[in-house]
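Taking it in order: structure first as C-alpha cells, then the write-up.
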Amino acid sequence: MTSVVEHDTSDQFSPATSPAPEATSEPAGRDGDGRAARSRVPALRTFLATAALVACAAAGGTYVVTQRLADAAFVSLEDAVLTADALPVGSTGAGVVTEVLVTEQARVAAGQELARVRLAEDPAQATRGPRTETLKAPMPGTVSRIDIAVGGVAGAGEPIITMYDHTELSFEAKATEEQLRDLRLGMAARVTGPGLGRPVSATLDHVKPRVGADPLLDAPLTEEQKVAHERLTVVLVPGTGDVDAVSALVPGLRYTAEVDTRTAVGRIPAVNSAG
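All residue numbers for the sequence shown refer to full-length UniProt numbering, where the first residue is 1 and numbers rise by one.
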C-alpha cells in the first residue's frame, strides 16, 4: 500500500501569513510638507507681485504729484520779447548822408565814427561853403538800424543811425492780472528760446504801468482788445552771469520765460507795482 504524506504549505503560500512591509509615517509626512510648500509658492509670488505693483504705483503717484507741484510753482510767460532802449544818432542840421561807416549789428566803441553828412548851406554863412558833419557813437553799443542810407536826406536831429546798449537788454512779456497775483518783484526766472544753448537766468525787475486813459471807459472793445488791455508788461533783467550770452542776441526775438514763484517770498507783489 502506498502511503500519502501530506505537506502543510499554508505557511508558505497563505497571504495571511506573508510578511507585511514595515509601515512608516516619515515618507508620508515629507510628501505632505512638500505639497504644502509647493502650494504656498504661487501665493507668495502673487503677494510679491502685488507688493511690487503697489510700490511702483505709489512711486509713480508720488512722482506725478511732485511733478505737478513743481510745474505749479512756475508761471509761464510766452512771447517774452528781447528789447533794448534805442539810442538815435543824427546830425545837428539838415543835409545829405554821404557815407555810412558801419553795418547793422556792428559793435562800436564810444567815439567811433558812424556816418558823414553834408549839411545844407546856411544862407547867413554862404561864403563858407557846404560843411560835412561826422556822426560819432556817444557810447559803446551795437548798431541796430541804418535809418537813412547813403544819398538820403536827413532833417535836423532826425535819426540816421540807431544804436542800443547790448549790455542793458531785457525780456518783456505780457502777463494777465491773474498771473500777476502770483508774482513778486525779484523773483527768479529762466528764459529759453532761439540762440540760447541753455536756459539763462533772469530776475523780475518791474511791471510797466498802464499809460493814458482807460479805453474801457471810451468806445466798446472786442473781447480780443479787452484781453490785450488786461495784460501788463513784465520786465525780466538777465542775471549777471548771463549778460554776455544775452548781449549776443538780436532784439526783437521771442522767448519763453518761466518765473519761479517759490523765490522772493514776501517781496512786493507785481500786481501792485504796476500802478
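Glycine included, each C-beta is placed from N, C-alpha and C at the ideal position.
- Considering only L48, D79, A137 and R181, the residue with the shortest C-alpha distance to T192 is D79.
- For S91, the secondary structure class from DSSP, reduced to helix, strand or coil, is coil.
- The beta-carbon distance between A156 and T92, rounded to whole angstroms, is 6 Å. This is short enough to meet the 8 Å contact definition.
- Under the DSSP definition of a beta bridge, S201 partners with R190.
- When beta bridges are read from the DSSP output, G141 appears opposite V108.
- Here L135 has V89, G90, S91, E113, L114, A115, R116, V117, I160 and I161 as same chain residues with Cβ atoms under 8 Å from its own Cβ, once five neighbours each way along the sequence are excluded.
- With a beta-carbon spacing of about 6 Å, L204 and V234 fall inside the 8 Å limit used to define contacts.
- Closest in C-alpha terms to S170, from the list A110, D85 and G141, comes D85.
- Within the same chain, A110 come within 6 Å of M139 by CB-CB distance, once the 5 residues on both sides are set aside.
- With respect to A173, D260 sits apart: the two C-beta atoms are not nearer than 8 Å.
- Distance from the CA of R267 to the CA of H206, rounded to the nearest whole angstrom, comes to 12 Å.
- Out of P251, V246 and R210, the CA that lies nearest to the CA of L232 is found in R210.
- In this structure, the alpha-carbon of A245 lies about 28 Å from that of D182.
- The DSSP-derived three-state label of P209 is coil.
- Counting along the chain, A115 sits inside the beta strand (DSSP E) bounded by residues E113 to L119.
- R190 sits away from E104, with the two beta carbons spaced by 8 Å or more.
- For T132, the pairing in a beta bridge is given by DSSP as R118.
- In this chain, V150 is not harboured by any beta strand (DSSP E), its DSSP state being neither H nor E.
- Straight-line measurement puts the Cα of T256 at about 15 Å from the Cα of V250.
- In the three-state reduction of the DSSP assignment, L180 falls in the helix class.
- A distance below 8 Å between beta-carbons, with the five flanking residues on each side excluded, links A73 to the following residues of its chain, in chain order: D260, T261 and R262.
- Under the DSSP assignment, A245 falls in the alpha helix (DSSP H) whose first and last residues are V243 to S247.
- Listed as beta-bridge partners of A86 by DSSP are Y164.
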